[in-house]
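Asks:
Here you go:
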């Protein structure tokens, strides 16, 4: 069976593309659903992703925060509390390291009401 002249160049191009080595294909071309991810040796798999997700709960003059780190880098978190009264001392909690796949609990308080609460993040080396 002979290929027609219009299908011959298309067939040759298809054979050439399919015979390329895996490394020659562009990164955004899906080759196989179960292909291993490409990560350079010593590099973080997702360098742009960092930071534990934190939830805070204020009850009266007490604060409880839970921080969970889903990423591979260690996140050093600190709880900061601003008290509502001018004579009440604002506090910055001690730093706590949140390792990958871990959750830490941070607590703090004011004598009276709490004005605001926030958590700072720092990449631990």
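Numbering (the numbering used here), first residue to last: 562 to 686.
A virtual CB, placed ideally from N, CA and C, is assigned to each residue, including glycine.
1) Which residue or residues does DSSP assign as beta-bridge partners of residue 644?
2) Look at residue 658 and residue 626 and say whether their C-beta atoms are less than 8 angstroms apart.
3) Below 8 angstroms between beta carbons: does that hold for residue 628 and residue 680?
4) Could you check whether residue 682 and residue 653 sit closer than 8 angstroms to each other, using their CB atoms as the reference points?
5) Run the CB neighbour count on residue 669, radius 10 Å, all protein chains shown included, and call it buried at 16 or more, exposed below.
6) Give me the Cα-Cα distance between residue 646 and residue 613, rounded to the nearest whole angstrom.
7) Can residue 638 and residue 675 be called in contact, C-beta distance under 8 angstroms?
8) Return helix, strand or coil for residue 659, following the three-state DSSP convention.
Replies: Reading it off the structure:
1) 675
2) no
3) yes
4) no
5) buried
6) 30 angstroms
7) no
8) strand
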